[in-house]
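Note sheet for the following structure.
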Amino acid sequence: MVFLPADYMRRYNIPKCDAIPTAFSSQPDDSCPFSDDILIQDRNPDRGFRGELYLTLGTQEAYPQSGKNCYDFFSSAYSRFREENVHLYQLYVYLSAYYRTPLDAAALKQLTEYFQVLRDYGLRVLLRFAYETESNNACPSTRLMSENIRILKKWIAENAQLFNAVVYAVQLGMFGYWGEGHSETKLCDKKRIIPEVLDMVPRHMTVMLRHPRFLKYVPLEQLRRCSIHDDFLIGVEHPWGMIPFSHRQFSMLKNMNRRMLCDGEMPWGRDKTVETIDALSFVSQCVGYGLGTLSAEHNYKEDGNAYHLEKWKNEYMSLDTLNAANLPYFPYLLADGKISVYHYLKYHLGYLLAVSNVTKYDGACTFSLYNFGMGVPSGFSLTYMHEGVRVNEDISDLCAFSVKSFTIDDGSPIRIGHNAQPDLYIRLMNAITPDKDGYYIL
0 MVFLPADYMR
10 RYNIPKCDAI
20 PTAFSSQPDD
30 SCPFSDDILI
40 QDRNPDRGFR
50 GELYLTLGTQ
60 EAYPQSGKNC
70 YDFFSSAYSR
80 FREENVHLYQ
90 LYVYLSAYYR
100 TPLDAAALKQ
110 LTEYFQVLRD
120 YGLRVLLRFA
130 YETESNNACP
140 STRLMSENIR
150 ILKKWIAENA
160 QLFNAVVYAV
170 QLGMFGYWGE
180 GHSETKLCDK
190 KRIIPEVLDM
200 VPRHMTVMLR
210 HPRFLKYVPL
220 EQLRRCSIHD
230 DFLIGVEHPW
240 GMIPFSHRQF
250 SMLKNMNRRM
260 LCDGEMPWGR
270 DKTVETIDAL
280 SFVSQCVGYG
290 LGTLSAEHNY
300 KEDGNAYHLE
310 KWKNEYMSLD
320 TLNAANLPYF
330 PYLLADGKIS
340 VYHYLKYHLG
350 YLLAVSNVTK
360 YDGACTFSLY
370 NFGMGVPSGF
380 SLTYMHEGVR
390 VNEDISDLCA
400 FSVKSFTIDD
410 GSPIRIGHNA
420 QPDLYIRLMN
430 AITPDKDGYY
440 IL
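Per numbering that gives the first Met the number 0, the very first residue in the sequence shown carries number 0; after that it's consecutive.
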């Protein structure tokens, strides 16, 4: 099966997978000192570990039929991940109560109020709408699903500021168990629904699909904003993962993910489908996908038990291991030439940016921006002054091992800000302190 059009790479001017760098094109120097302060990277937006939240519209429940209040569940989830400084969550919004009738004003009010709480807590979410679970048959007709998408599109437009403040990406969702596109009790017209979901989501946001077979329903002009979320990451291929590693388009799909926001998760720790996940194979798979965020809800410390992520706090990768496997890393986070698998993931998921090779001359300044992380700073631009003109240069394509050079006016402040949410900015892993608005002086 072919998932992407044959001219996908050419159409979007994307380098072939064998052209993706596995080493920096130039070496960083000490002209702008680096920092080993882990709190810098911990505070950076739209990257790292994430938790999970649930909201069932039309009820006060979290997960459908759970009997748990959605706000009590929120408080518990928020408290559980404070030690890890998690500020990202996957939010499942269940429409199960509206599989026979359209969403009403009460449901939209409930959704608005929940988003306001998320905003007040400073949280960002990966959003997925869904109907069915393993314990219900709440599958609407295509017509009603389409009507609810239309209602949600209108709600998103009317609450654009709130939506942009809270949501960093959207998953296709809608059909199948948990919105994962499989096991649905009533087949919907995907040729109709998938373009409508894409149209519902603001154009600047990534839309993640659970499986590449859904790409054939994506309009060609919207392919560039899609990625695949692999919800069965185990380091080796599996029928519940993305596709076989030997598939002729696997490299193209990985390349697509590397250039976009991309998410994934391991199976639950209690799942015995796979007893053991090899740490290096798992990390290599995450890097291969350019993973930006990863679930810490799965396979960490569920139900008071210690699973892979917890055990990996005491399993280490050496400098030689990282180099041999072509894995990006920030040297200043390695202690005694090694880093635990857990902490490697915690700090290298998504982007990890630092400035180096700073040179000043004749009223100008040149510098290079290095990405030591595995994912891209999707949706972010670098702002600076050059020859007296304000420049906003998109850096969304700065993938792992990428280096980009800039020339600015000497003394010009620089800032890496989010294109759609102005108060979000990226903190550099350098020993220089930004002002309160995120501007740096080199």
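Even glycine gets a Cβ: it sits at the ideal position worked out from N, Cα and C.
All of these numbers come straight from a predicted model, not from anything done at the bench.
Grouping DSSP H, G and I as helix and E and B as strand, with all else coil, what is residue 340? Stepping through the sequence shown from its first residue, residue 340 is reached at position 341. Assigned with DSSP and collapsed to three states, residue 340 falls in helix.
Secondary structure at residue 369, three-state DSSP: helix, strand or coil? Here residue 369 corresponds to residue number 370 of the sequence shown, with the count starting at 1. Strand, per DSSP.
With C-beta atoms as the reference, is residue 169 less than 7 Å away from residue 116? As a working note, residue 169 is residue 170 in the sequence shown. As a working note, residue 116 is residue 117 in the sequence shown. Between residue 169 and residue 116, the C-beta spacing is not below 7 Å.
For residue 127, count neighbouring Cβ atoms within 10 angstroms of its own Cβ and tell me buried if that reaches 16, exposed if not. In the sequence shown, counting from the first residue as 1, residue 127 sits at position 128. Residue 127 should be labelled buried.
Three or more C-beta pairs below 8 Å linking the region 271-288 and the region 223-239: When Cβ pairs closer than 8 Å are counted between the two stretches, the region 271-288 is seen to touch the region 223-239, the count reaching three or more.
According to DSSP, is residue 168 helix, strand or coil? By 1-based counting over the sequence shown, the position of residue 168 is 169. Reduced to three states, the DSSP call for residue 168 is strand.
Just to confirm, are residue 375 and residue 404 a CB contact at a threshold of 7 Å? Along the sequence shown, read from residue 1 onward, the residue named residue 375 stands at position 376. Along the sequence shown, read from residue 1 onward, the residue named residue 404 stands at position 405. The answer is no: Cβ separation not under 7 Å.
Report all residues from its chain with a CB closer than 6 Å to the CB of residue 318; omit the five preceding and five following residues, and keep chain order. Translated into the one-based positions of the sequence shown, residue 318 becomes position 319. Here the set comprises 336.
At least 3 beta-carbon pairs within less than 8 Å: the region 40-59 vs the region 385-395: The way I'd put it, the region 40-59 doesn't touch the region 385-395; fewer than three beta-carbon pairs between them come closer than 8 Å.
Complete runs of the beta strand (DSSP E) confined to the region 180-222 [at least 3 residues]: 206-208, all fully within the region 180-222.
When the distance is taken between beta carbons, is residue 16 closer than 7 Å to residue 355? One-based indexing of the sequence shown puts residue 355 at position 356. One-based indexing of the sequence shown puts residue 16 at position 17. No; because the gap between Cβ atoms is not below 7 Å, this pair is not in contact.
Residue 185 and residue 216 look like a contact to me (Cβ under 8 Å); what is the Cβ gap, rounded to whole Å? The residue you call residue 185 lines up with position 186 of the sequence shown. The residue you call residue 216 lines up with position 217 of the sequence shown. Going by Cβ atoms, the distance from residue 185 to residue 216 rounds to 18 Å, so no, they are not a contact pair.
With a threshold of 6 Å on Cβ separation, who are the neighbours of residue 102 within its own chain once the five nearest residues in sequence on each side are excluded? Along the sequence shown, one-based indexing puts residue 102 at 103. Excluding residues within five positions, the ones whose Cβ falls inside 6 Å are 147, 150.
CB contact flag (residue 40, residue 326, <7 Å): As a working note, residue 40 is residue 41 in the sequence shown. As a working note, residue 326 is residue 327 in the sequence shown. Going by beta carbons, residue 40 and residue 326 fall outside the 7 Å limit.
Would you mind stating whether residue 123 and residue 167 have Cβ atoms separated by less than 7 Å? Counting from 1 along the sequence shown, the entry for residue 123 is found at position 124. Counting from 1 along the sequence shown, the entry for residue 167 is found at position 168. For residue 123 and residue 167, yes; Cβs fall inside 7 Å.
Verify whether the separation of the beta carbon atoms of residue 211 and residue 227 is less than 7 Å. Position 212 of the sequence shown, counted from the first residue, corresponds to residue 211. Position 228 of the sequence shown, counted from the first residue, corresponds to residue 227. Yes, Cβ-Cβ distance for residue 211 and residue 227 is below 7 Å.
Locate the beta strand (DSSP E) running through residue 307, then write down its first and last residues. Along the sequence shown, one-based indexing puts residue 307 at 308. Segment 307-310 is the alpha helix (DSSP H) holding residue 307; no beta strand (DSSP E) there.
Alpha carbon to alpha carbon, what distance is there between residue 263 and residue 247? The count along the sequence shown starts at 1 and reaches residue 247 at position 248. The count along the sequence shown starts at 1 and reaches residue 263 at position 264. Residue 263 has its alpha-carbon roughly 22 Å from the corresponding atom of residue 247.
Can you tell me whether residue 2 is helix, strand or coil according to DSSP? Your numbering for residue 2 matches position 3 in the sequence shown. When DSSP states are grouped into helix, strand and coil, residue 2 belongs to the coil group.
Just how far apart, CA to CA, sit residue 71 and residue 51? Indexing the sequence shown from 1 puts residue 71 at position 72. Indexing the sequence shown from 1 puts residue 51 at position 52. So the two alpha carbons sit approximately 13 Å from each other.
7 Å Cβ shell around residue 164 - same chain, five flanking residues per side excluded: Translated into the one-based positions of the sequence shown, residue 164 becomes position 165. The beta carbon of residue 164 is closer than 7 Å to those of 118, 420 in its chain, skipping five residues each way along the sequence.
Inter-residue Cα distance where the pair is residue 153 and residue 197: Taking the sequence shown and counting its residues from 1, one reaches residue 153 at position 154. Taking the sequence shown and counting its residues from 1, one reaches residue 197 at position 198. So the two alpha carbons sit approximately 14 Å from each other.
Leaving aside the five residues before and after residue 183 along the sequence, list all residues of the same chain whose C-beta is less than 8 Å from its C-beta, in chain order. Along the sequence shown, read from residue 1 onward, the residue named residue 183 stands at position 184. For residue 183, where only same-chain residues beyond five positions count, the Cβ hits under 8 Å are 131, 138, 174, 175, 176.
Leaving out the 5 sequence neighbours to the left and right, which residues in its chain are closer than 8 Å to residue 277 when beta-carbon positions are compared? Sequence index remark: in the sequence shown, residue 277 carries index 278 (1-based). Only 234, 235 meet the Cβ criterion.
Using only the alpha-carbon positions, how far apart do residue 238 and residue 429 sit? Within the sequence shown, the letter at position 239 stands for residue 238. Within the sequence shown, the letter at position 430 stands for residue 429. Distance from the CA atom of residue 238 to the CA atom of residue 429, rounded to whole angstroms, is 42 Å.
CA-to-CA distance, residue 368 to residue 484, given in whole angstroms: Because the chain is modelled from 0 through 441, residue 484 falls outside the range shown and cannot be assessed.
Leaving out five residues before and five after residue 49 in sequence, what residues of the same chain have Cβ atoms less than 8 Å from its Cβ? Within the sequence shown, the letter at position 50 stands for residue 49. Once the five neighbours on either side are set aside, the close Cβ partners of residue 49 are 85, 87, 88, 89, 125, 262, 292, 293, 294, 295, 296.
Measure from the C-beta of residue 21 to each C-beta in chain C and report whether the shortest distance is under 7 Å. The question asks about chain C, but that chain is absent: this structure has only one protein chain.
Measuring only the C-alpha atoms, how far is residue 214 from residue 181? One-based indexing of the sequence shown puts residue 214 at position 215. One-based indexing of the sequence shown puts residue 181 at position 182. So the alpha carbons of these two residues sit roughly 15 Å apart.
Output needed for residue 240: all residues of its chain with C-beta closer than 6 Å, excluding positions within five of it in sequence on either side, in chain order. Numbered from its first residue, the sequence shown carries residue 240 at position 241. The beta carbon of residue 240 sits closer than 6 Å to the beta carbons of 229, 231 from its chain, once the five residues preceding and following it are set aside; these are given in chain order.
Rounding to the nearest angstrom, what Cα-Cα distance links residue 30 and residue 65 in this structure? Taking the first residue of the sequence shown as 1, we reach residue 30 at position 31. Taking the first residue of the sequence shown as 1, we reach residue 65 at position 66. For residue 30 and residue 65, the distance between alpha carbons rounds to 56 Å.
For residue 221, which residues from the same chain have a beta carbon less than 6 Å from its beta carbon, with the 5 sequence-adjacent residues on both sides left out? Indexing the sequence shown from 1 puts residue 221 at position 222. 197.
I think residue 418 touches residue 398, with their Cβ atoms under 8 Å apart; what is that distance to the nearest whole Å? As a position in the sequence shown, residue 418 is number 419, starting the count at 1. As a position in the sequence shown, residue 398 is number 399, starting the count at 1. Contact between residue 418 and residue 398 does not hold, since their C-beta atoms are separated by about 18 Å, which reaches or exceeds 8 Å.
Beta-carbon spacing of residue 309, residue 299 below 7 Å: As a first step, residue 309 is located in the sequence shown; it is residue number 310 there, counting from the start. As a first step, residue 299 is located in the sequence shown; it is residue number 300 there, counting from the start. In this structure, residue 309 lies near residue 299, with their beta-carbon atoms less than 7 Å apart.
Rounded to the nearest angstrom, how far is the Cβ of residue 172 from that of residue 106, given a contact under 8 Å? In the sequence shown, counting from the first residue as 1, residue 172 sits at position 173. In the sequence shown, counting from the first residue as 1, residue 106 sits at position 107. The Cβ separation is near 16 Å, so there is no contact.
Cβ of residue 353 within 7 Å of Cβ of residue 23? Translated into positions along the sequence shown, residue 353 becomes position 354. Translated into positions along the sequence shown, residue 23 becomes position 24. Taking a C-beta distance under 7 Å as the contact criterion, residue 353 and residue 23 do not qualify as a contact pair.
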